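Residue numbers (this note's numbering), protein chains in the order written: chain A, 434 to 752; chain B, 434 to 752. Ideal Cβ positions, reconstructed from N, Cα and C, are used throughout, including at glycine. The model shown is predicted, which means the values in this text are computed figures rather than measured ones.
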DNA sequence: CGCGATGATGCAAAAAATGCATCACCAACA
DNA sequence: TGTTGGTGATGCATTTTTTGCATCATCGCG
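Structure follows, in structure tokens:
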């Protein structure tokens, strides 16, 4: 889109914080880029950037204008997707921001299934935590976000929610594997592997654990569920996940290894829910930017994952 | 805004229905314009216009894209207005579509009063009937519409409503001037001057009059209230208006000539409400496009006229 | 059939964007 | 206090893009 170049340039300069760096990234000279920006500032009638010794930074006008630029790009994408949809084939690009939870099992299957029906739709997945996901919606870098954490910002529209009880994952041979539910007091003295403090699961755990003053033996902290899960085959310990991360197919039963899609290592792991009276269920939010009209492909995919969640977790899905 | 030129060109070509005519209007050659359009169609990947022997016409893709273009322009205007607002002075341009009713007395005063506070804001007034006003909102040719008629389209957001009883205007010497209310049956045998069938007042009258099978003597039909009013000084007759068209200042009393802002001719005219049981009050709708963020100037002006209506017609204003 | 209108296209001129070299500025640091 | 390494701005030659002219092909209408 030729007529959008100057605007894209402004976006890049704002992100890079420097005209020269942005010029490098855009494969043009800094002088050309500089002049395009001066020209636009001239047309707007006001500067958009403050010139600092170390680069440039958006001023208030620039921030307003940048938001406009981004919404133009998003809307153009929607329009293109809508136009492509006229010709029968659904084309488009869907950008998703998701926590590691939904990213493990659920999204791979959901996306593959969608792409099987619409091969011309491409996807972009950013793994991130709640706050970052919200800001990606706002900056229009993502169309859809799956956040297992409370929603902070007012500009986020929640299309659906899914209540998820935190599960405790352990080797099948573990002494707690015999119980139906795990109590918080059971964790005393156990070796624990925890997700990073930014993760929604961890935040739920923190509030529950701190309140009870249990003596904890945290041997590892990681932001990778895969790493934590594999670690358990070398040292017996407990780690925590929500059902959607454990098992894409069979819902909230939570017995890792019993489902056909769990292979290899995981047959030796089982998961048991933490007693709801000790730890209330958390909420996975499926959201997009409030007031935004999503591109056709993104809107349809959103419908599809909500349907799919309803099939798998029927009673836990709301809105 | 240089980066919008190509898009503006498409808008003009769509309106003109011909590349050559549009080129004339834009003061460039048809070949330059033609090539810009070919280029954009190339970038979109699909033609936007059908080529007919007598010119061009938008196809479906083109209509989608044109709507996008118009919303971009409107949003750019909003952004510019917002940026200008940062520097303290409120700048901007407000585009209004209004029926002849509100255009007569109310809007001149309201706009003058707003401009007294914000001299850098300019206005554009289009006089039109309900349906056209709605379509102007949709095509983003107008920001605000004042419509004395039912709202048809779903995409219109009604910010406020004002209930207005139709009044009958007559020479002060007329036999009906002695009464407090005019009944429909009083109109039998009277010489009547009616607004055009498109007008909201006329449509109200039609439903009331046709139902009653009164014998009417319609001597004149016009779309100009000013003409009708002046006509009454040469031939005694009755014509019909709503209070907002009669008197900007003193509200629903409706006695033309008694208010200080009515001068000249009109001192010899009086107005009497039609009995509400014969003719229900109509509704003036103050609206804008649903889901649209108005430019600062337009939004503030909208607030202002709603406040002003509330002051003048207190009990009749809703929402 | 010709007339008058339309949009498309080849080619040269005009206009705009770009790149190079250079300047002025500022913070960090020796 | 001077030096260094970074920044954005600017004059000038070059390249790229856009524009205008002349012309063609097409189609409806009388």
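Per-residue contacts from residue i into chain B (C-beta, under 9 Å)
i, result
"residue 440 (chain A)", "436"
Which residues DSSP lists as bridging residue i, in chain order
i, result
"residue 578 (chain A)", "A:530 and A:720"
"residue 597 (chain A)", "A:715"
"residue 624 (chain B)", "B:650"
"residue 672 (chain B)", "B:602 and B:626"
"residue 485 (chain B)", "B:488"
"residue 702 (chain A)", "A:604"
"residue 739 (chain B)", "According to DSSP, which records beta bridges pairwise, residue 739 (chain B) is partnered with nothing at all."
"residue 442 (chain B)", "Looking at the DSSP assignment, residue 442 (chain B) forms no beta bridge with any residue, so it has no partner."
"residue 707 (chain A)", "A:615"
"residue 560 (chain A)", "A:531"
"residue 655 (chain B)", "B:628"
"residue 555 (chain A)", "A:526"
"residue 591 (chain A)", "A:720"
"residue 751 (chain B)", "B:594"
Within chain B, the residues that residue i reaches when beta carbons sit closer than 8 Å
i, result
"residue 494 (chain A)", "516 and 519"
Inter-residue Cα distance where the pair is residue i and residue j
i, j, result
"residue 605 (chain A)", "residue 703 (chain A)", "5 Å"
"residue 572 (chain A)", "residue 519 (chain B)", "22 Å"
"residue 748 (chain B)", "residue 553 (chain B)", "33 Å"
"residue 672 (chain A)", "residue 726 (chain A)", "39 Å"
"residue 636 (chain B)", "residue 670 (chain B)", "20 Å"
"residue 623 (chain B)", "residue 568 (chain B)", "37 Å"
"residue 475 (chain A)", "residue 652 (chain B)", "59 Å"
"residue 538 (chain B)", "residue 597 (chain B)", "15 Å"
"residue 463 (chain B)", "residue 440 (chain A)", "27 Å"
"residue 581 (chain B)", "residue 454 (chain B)", "36 Å"
"residue 377 (chain B)", "residue 631 (chain B)", "Outside the modelled stretch of chain B, which goes from 434 to 752, sits residue 377 (chain B), for which no answer is possible."
"residue 548 (chain B)", "residue 509 (chain A)", "36 Å"
"residue 447 (chain A)", "residue 532 (chain A)", "26 Å"
"residue 436 (chain A)", "residue 557 (chain A)", "25 Å"
"residue 650 (chain B)", "residue 584 (chain B)", "31 Å"
"residue 458 (chain A)", "residue 667 (chain A)", "44 Å"
"residue 601 (chain B)", "residue 707 (chain B)", "6 Å"
"residue 546 (chain A)", "residue 734 (chain B)", "51 Å"
"residue 492 (chain A)", "residue 465 (chain A)", "21 Å"
"residue 830 (chain A)", "residue 661 (chain A)", "Given a span of 434 to 752 for chain A in the structure shown, any question on residue 830 (chain A) remains unanswerable."
"residue 507 (chain A)", "residue 603 (chain B)", "58 Å"
"residue 555 (chain B)", "residue 524 (chain B)", "8 Å"
"residue 574 (chain A)", "residue 444 (chain A)", "12 Å"
"residue 442 (chain A)", "residue 724 (chain A)", "26 Å"
"residue 482 (chain A)", "residue 456 (chain A)", "16 Å"
Residue i and residue j closer than 7 Å at C-beta
i, j, result
"residue 452 (chain A)", "residue 467 (chain A)", "yes"
"residue 656 (chain A)", "residue 621 (chain A)", "no"
"residue 578 (chain B)", "residue 586 (chain B)", "no"
"residue 514 (chain A)", "residue 750 (chain A)", "no"
"residue 450 (chain A)", "residue 495 (chain A)", "no"
"residue 516 (chain B)", "residue 497 (chain A)", "yes"
"residue 593 (chain A)", "residue 502 (chain A)", "no"
"residue 616 (chain B)", "residue 736 (chain B)", "no"
"residue 527 (chain B)", "residue 731 (chain B)", "yes"
"residue 610 (chain B)", "residue 561 (chain B)", "no"
"residue 677 (chain B)", "residue 559 (chain B)", "no"
"residue 741 (chain B)", "residue 543 (chain B)", "yes"
"residue 675 (chain B)", "residue 599 (chain B)", "yes"
"residue 432 (chain A)", "residue 643 (chain A)", "This structure cannot settle anything about residue 432 (chain A), because the visible part of chain A is limited to 434 through 752."
"residue 627 (chain B)", "residue 659 (chain B)", "no"
"residue 570 (chain A)", "residue 722 (chain A)", "yes"
"residue 505 (chain B)", "residue 472 (chain A)", "no"
Neighbour list for residue i in chain A, Cβ cutoff strictly below 9 Å
i, result
"residue 508 (chain B)", "501, 504, 505 and 508"
Amino acids of chain A, ordered along the chain, whose beta-carbon sits closer than 8 Å to that of residue i
i, result
"residue 498 (chain B)", "512 and 516"
"residue 477 (chain B)", "513 and 516"
"residue 472 (chain B)", "435"
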